[in-house]
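Chemist:
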Amino acid sequence: MLVPLRTQAESLQALEDLLSAIRSASERFDQGRHIEAKSLAGHLGALLHHCDDSDAVIDRLGLRDTLTWVDTAGVPNPKTTCSTAGLTLMRIRSRHHGAGEFVPKLAMYPPVPIRTRGGDQIFSGTRIPFGDWWTNPVVKDADGAEYSRKQLVLALGHAHDPESAAARDALESSPSLGWVVAGCADKSLCGSPVIASVRQIGYEVMRSISEQRDVIEAVS
């Protein structure tokens, strides 16, 4: 895909601006401002999600099918009936502060085998094609409903298109996860894997970009 020079330069600047915004929101999240996950989701959506009135920045640069994306989750085992949150870890809190909380894995993942959509196994941290990475299920709730990176990002982001609305509706319908979308004030955001998962998606994106700077520079 050939991009006109001026548009190409503008799109590369838009990429850098979004990466800076993702980095800043991630840092604030790591400092304890977990509400930043919603801003982070908005930046990720602008980078990755194509809707009717706005092209994803990776599409403007012709990179959707060129870049590959770090997978630290794999897909839930279909034989497992319990809930799964593949992008997160559970941190046990002290008895004075409740039972536990979900935290993003960040770089704290060993190179262990994880499951692919087709049932094969790859090592955690392997890069996979965008279509699989974006739409593979990574969270399974207590009722067995599964959610992809795309659904988590769109549900928490601020885009107003049919796919985003469908993602919000799907997540809101989950009895165990939907309260995060509604912004329930009397629950800790860390009580749900959704917020930590979006932070981990931000980590995966930044890691993917840093590993493929040569590919991005080739379009400049």
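If you're matching positions, the sequence shown starts at 1 in our numbering and goes up one per residue. The beta-carbon is built from N, C-alpha and C at its ideal position, and this holds for glycine as well.
Closest to residue 69 by CA distance: which of 51, 193, 169, 124 is it?
Modeler: The candidate whose alpha carbon is nearest that of residue 69 is 124.
Chemist: Would you mind giving the Cβ-Cβ distance between residue 72 and residue 200, rounded to the nearest angstrom? I have them listed as a contact below 8 Å.
Modeler: Indeed they touch by this definition, with Cβ atoms about 7 Å apart.
Chemist: From what residue to what residue does the alpha helix (DSSP H) around residue 194 run?
Modeler: Segment 193-211, the alpha helix (DSSP H) holding residue 194.
Chemist: Can you give me the C-alpha to C-alpha distance between residue 218 and residue 144, rounded to a whole angstrom?
Modeler: If I take the Cα positions, the gap works out to 43 Å.
Chemist: Would you decide whether residue 20 is buried or exposed? Buried here means 16 or more other CB atoms lie within 10 Å of its CB.
Modeler: Residue 20 should be labelled exposed.
Chemist: To the nearest angstrom, report how far apart residue 24 and residue 30 are at their CA atoms.
Modeler: Between residue 24 and residue 30, the C-alpha separation is close to 10 Å.
Chemist: If you draw a straight line from the alpha carbon of residue 7 to that of residue 65, how long is it in whole angstroms?
Modeler: Going by the C-alpha atoms only, they are around 19 Å apart.
Chemist: At what residues does the alpha helix (DSSP H) containing residue 149 begin and finish?
Modeler: That run of the alpha helix (DSSP H) goes 149-156.
Chemist: Taking the CB atoms as reference points, tell me whether residue 49 and residue 41 lie closer together than 8 Å.
Modeler: Taking 8 Å as the Cβ cut-off, residue 49 and residue 41 do not qualify as a contacting pair.
Chemist: How about residue 194: is its C-beta nearer than 8 Å to some C-beta of chain D?
Modeler: The structure shown contains no chain D; it is built from a single protein chain.
Chemist: Count the other C-beta atoms from every protein chain shown that fall within 10 angstroms of the C-beta of residue 231, then say buried if there are 16 or more, exposed otherwise.
Modeler: Nothing can be reported for residue 231, as the shown portion of the chain is limited to 1 through 220.
Chemist: Can you list the alpha helix (DSSP H) stretches of 4 or more residues lying completely in the stretch 21-74, in chain order?
Modeler: Runs found: 36-48, 57-60.
Chemist: So, are the CB atoms of residue 151 and residue 170 less than 8 Å apart?
Modeler: Contact flag set, yes.
Chemist: Using the rule of at least 16 other Cβ atoms within 10 Å of the residue's Cβ for burial, across every protein chain shown, is residue 27 buried or exposed?
Modeler: Residue 27 comes out exposed.
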